[in-house]
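In this note's numbering, the protein residues as written are 299 to 1088. Even for Gly, the Cβ is constructed at its ideal location relative to N, Cα and C.
Here is the structure:
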């Protein structure tokens, strides 16, 4: 052990001589090699300098090679690169002739920062002005009452600026105070809904990370939508754009008058991509010479229709929180390795231009129409643009619609044409009471029998874009007419007598009825219950049809005949056959639809089969399902599911089935439908007007038709009552019936029908009297557009 002697400040060789014994040979060798102390110290300095240089070289090497170098290089390079996301273009929607029904196009929007929308801008400006008005006094030292007085004084000025701005924007956009306020509150509601959704998700993530629940306040922070502008005027004209830009420029100056316009500094002009519907409004000339005599005219009428096909096209809108959950396709996500993965076709509420399809085809075909964004990498040092992914436009969708035919039928069903209003010949309670001219609601479908393609599908009232953007309450808060409902696919109605041909086919094909055997009609089905299940002719005329053949049962629409068949079949068999005819399940047409109504045999009173035999009771179908069923008749029993989309792959997936129906029953059914229009007792032959004019007067075609007057069994919002005993807005049972007329149209030179036409008019009275003349005009429209010979 080395023993240390002396104080700590002595030299080491004095304090610990044993420790120096190993160094003595080295010291002697150094003194022998370099006798001079000066030179030895110079060598020592050189050695130290070399050591420092070696350390610097090693550090430089560490920074230029190896993992550290790679990390540093990536960090430096990342600061010289900018990721650019390039928007895509949504696919177009076309009609069957290639006409563009929907496409993307740039347009001008006027947007305001969210601080103006939620009211926080005026408060912040007032607080800053109040502080600035007392520069020599700390704000905290001012008494609270005086601070509130100062703040309120300045708040008035900034509130006035904001009010004037909203008023001016409303005037420029042609909007009233309530409309512009509705847009402001709608944006605020949408942003707050999104924030609530994101905060809930953030809280869940933080709770999982910490292993315990955390309050919402722990994740309460502004979201991007609260820091960005939102459009309040859409697709404005160049004049409006220039006026707004002038206000913005004036507010940005240092002139004294600009102080009263500071709110305009929060307004921006955008040029985003707009979804256009170029044929949404059309003007047509329609012939009035073939109308019923009381409203006919030899002069063509010019009618402008709005909202053409909008029930079927749908729209696009800003993405909402619920869309992110429903679509489950985020723009970015973290993979299992912790890396950020981008889906350029994904959705993000943080993209101000990220729209999503809403309703009908825009929503149903979202994935095909969507497209994907481009992703570029721009290098700031050399300006080079590196392409990671080019933007890819969405796929075009071709529909089966003929937009010109669609618009023409909508013109026929417009109130100004005169058929879709209460008329003298309707035989309804409203017409009998003289309440004439009131608009009616309803739907029409035109289908190509051979292919099942829908050529036109009109739901009235229409849904004009003008109202959707400027006064949506007229669309969504109209409980009497429900303009937002697509009645063609979304509303299930009791079929009434329009279902009778299919009851005949079901009974004959099931073997419970021989079509050659007549059924006797005595006006009452059950003598023990004379007030139930009566024939319509007994109710109206205290009469009866007597022995009724299969074909005549449809010509005269005998209820007793079909009560009998319904009872023989029973509910389970009726359900089975109605299902084969397309009821009770969606057709797969390409848009959202109701499946229709079929009863549960286990919970339904068995005698309901009697009512089901005449299309009443717990059975319902949509106008589209009715069109598909009648088109099946025109194909001699071959069912083809209807469609709105022309696509070979979808065509192969559509239901196509040979139903193998009783051939004799098919012939009787077609003969009965012919007799309904042309027979002496036909319920669809005459109008109850002077001279008994024919309902159908088109030349060159034969019509096979069936009327249906269906009891509604529902409540309806009534805006007035004929007896004057009820208050406006009261919900009461409506006394009227739904008016159906269905037709198969066959050109004289054709072997079988080529087109199926369905019309239903809600709460309107007699099927033949109300909807028959509309079907007649649709046949004339098909001739005008070249689908039928004239």
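As a quick exercise: from the options, pick the residue whose alpha carbon is nearest that of residue i.
{"i": "residue 808", "options": "957, 690, 1037", "result": "957"}
{"i": "residue 393", "options": "576, 554, 351", "result": "576"}
{"i": "residue 765", "options": "755, 756, 782, 750", "result": "782"}
{"i": "residue 292", "options": "906, 845, 1074, 884", "result": "Look at the range of the chain in this structure, 299 to 1088, and you will see that residue 292 is not part of it."}
{"i": "residue 1003", "options": "1054, 960, 669", "result": "1054"}
{"i": "residue 701", "options": "1046, 911, 400, 795", "result": "400"}
{"i": "residue 908", "options": "817, 1049, 830", "result": "830"}
{"i": "residue 676", "options": "686, 669, 670", "result": "686"}
{"i": "residue 396", "options": "331, 415, 695, 453", "result": "695"}
{"i": "residue 767", "options": "731, 840, 613, 780", "result": "613"}
{"i": "residue 625", "options": "866, 632, 668, 591", "result": "668"}
{"i": "residue 952", "options": "996, 638, 886", "result": "886"}
{"i": "residue 593", "options": "708, 721, 544, 448", "result": "721"}
{"i": "residue 889", "options": "398, 609, 599, 442", "result": "609"}
{"i": "residue 603", "options": "616, 581, 619, 623", "result": "581"}
Kindly indicate the opening and closing residues of the alpha helix (DSSP H) around residue i.
{"i": "residue 476", "result": "475-508"}
{"i": "residue 768", "result": "763-768"}
{"i": "residue 868", "result": "857-878"}
{"i": "residue 889", "result": "Counting along the chain, residue 889 falls outside any alpha helix (DSSP H), and DSSP gives it neither H nor E."}
{"i": "residue 807", "result": "798-808"}
{"i": "residue 750", "result": "Segment: none, residue 750 is in no alpha helix (DSSP H) and carries neither H nor E."}
{"i": "residue 1061", "result": "Run containing residue 1061: none; DSSP gives neither H nor E here."}
{"i": "residue 835", "result": "834-839"}
{"i": "residue 518", "result": "Where residue 518 is concerned, there is no enclosing alpha helix (DSSP H), given that its DSSP letter is neither H nor E."}
{"i": "residue 947", "result": "946-951"}
{"i": "residue 972", "result": "961-976"}
{"i": "residue 730", "result": "727-730"}
{"i": "residue 914", "result": "No alpha helix (DSSP H) holds residue 914; DSSP gives it neither H nor E."}
Check the DSSP bridge columns for residue i and list the partner residues they point to.
{"i": "residue 632", "result": "638"}
{"i": "residue 402", "result": "573"}
{"i": "residue 675", "result": "381, 684"}
{"i": "residue 1074", "result": "Residue 1074 pairs with nothing; no bridge assigned."}
{"i": "residue 818", "result": "845"}
{"i": "residue 583", "result": "600"}
{"i": "residue 566", "result": "409"}
{"i": "residue 1053", "result": "746, 1043"}
{"i": "residue 737", "result": "719"}
{"i": "residue 653", "result": "616"}
{"i": "residue 431", "result": "Bridge partners of residue 431: none, in fact."}
{"i": "residue 984", "result": "992"}
Just to confirm the assignment, what range does the beta strand (DSSP E) spanning residue i have?
{"i": "residue 937", "result": "936-938"}
{"i": "residue 1036", "result": "1035-1045"}
{"i": "residue 532", "result": "527-534"}
{"i": "residue 1002", "result": "999-1009"}
{"i": "residue 954", "result": "954-956"}
If we count the other Cβ atoms within 10 Å of its Cβ and call it buried at 16 or more, is residue i buried or exposed?
{"i": "residue 542", "result": "buried"}
{"i": "residue 947", "result": "exposed"}
{"i": "residue 388", "result": "buried"}
{"i": "residue 349", "result": "exposed"}
{"i": "residue 431", "result": "exposed"}
{"i": "residue 336", "result": "exposed"}
{"i": "residue 1071", "result": "buried"}
{"i": "residue 1086", "result": "buried"}
{"i": "residue 750", "result": "buried"}
{"i": "residue 872", "result": "buried"}
{"i": "residue 671", "result": "buried"}
{"i": "residue 903", "result": "exposed"}
{"i": "residue 832", "result": "buried"}
{"i": "residue 1038", "result": "buried"}
{"i": "residue 590", "result": "buried"}
{"i": "residue 1031", "result": "Low per-residue confidence applies at residue 1031: pLDDT is 45, beneath 50, and the placement is therefore not dependable enough to give any value."}
Taking only beta-carbon positions, decide if residue i is within less than 8 Å of chain D.
{"i": "residue 493", "result": "In the displayed structure, chain D is absent; only one protein chain is listed."}
Does the beta-carbon of residue i, which I'm using as the reference point, lie nearer than 7 Å to any heavy atom of the ligand PLP?
{"i": "residue 809", "result": "In terms of ligand content, the structure shown is empty, and the ligand PLP therefore cannot be addressed."}
Next on the checklist: I want to know whether the segment 575-590 touches the segment 1068-1084 - three or more CB-CB distances under 8 Å.
Outcome noted: The segment 1068-1084 and the segment 575-590 touch, with three or more beta-carbon pairs separated by less than 8 Å.
Checklist entry - Is it a yes or a no for the segment 416-429 touching the segment 525-537, going by three-plus beta-carbon pairs under 8 Å? => result Contact check between the segment 416-429 and the segment 525-537: fewer than three CB pairs, one atom from each, fall below 8 Å, which does not count as touching.
Next on the checklist: Can you confirm whether the segment 493-500 touches the segment 465-485 when touching is taken to mean that 3 or more C-beta pairs between the two stretches lie within less than 8 Å?
Outcome noted: The segment 465-485 vs the segment 493-500: no contact.
Item to check | contact_flag[the segment 399-417, the segment 566-581] where n(CB pairs < 8 Å) is 3 or more | outcome: With the cut-off at 8 Å, the segment 399-417 and the segment 566-581 touch.
Checklist entry - Does the pairing of the segment 506-515 with the segment 651-666 give three or more beta-carbon distances under 8 Å? => result Remark: fewer than three beta-carbon pairs, one from each stretch, lie closer than 8 Å, so the segment 506-515 and the segment 651-666 are not flagged as touching.
Checklist entry - Does the pairing of the segment 586-601 with the segment 700-719 give three or more beta-carbon distances under 8 Å? => result The segment 700-719 and the segment 586-601 touch, with three or more beta-carbon pairs separated by less than 8 Å.
Item to check | Segment contact, 8 Å Cβ cut-off, at least three pairs: the segment 843-860 with the segment 977-984 | outcome: Judged by Cβ distances under 8 Å, the segment 843-860 makes contact with the segment 977-984, as three or more pairs qualify.
Checklist entry - Would you say the segment 991-1007 touches the segment 962-978, given that touching needs at least three Cβ pairs under 8 Å? => result Yes: at least three Cβ pairs fall under 8 Å.
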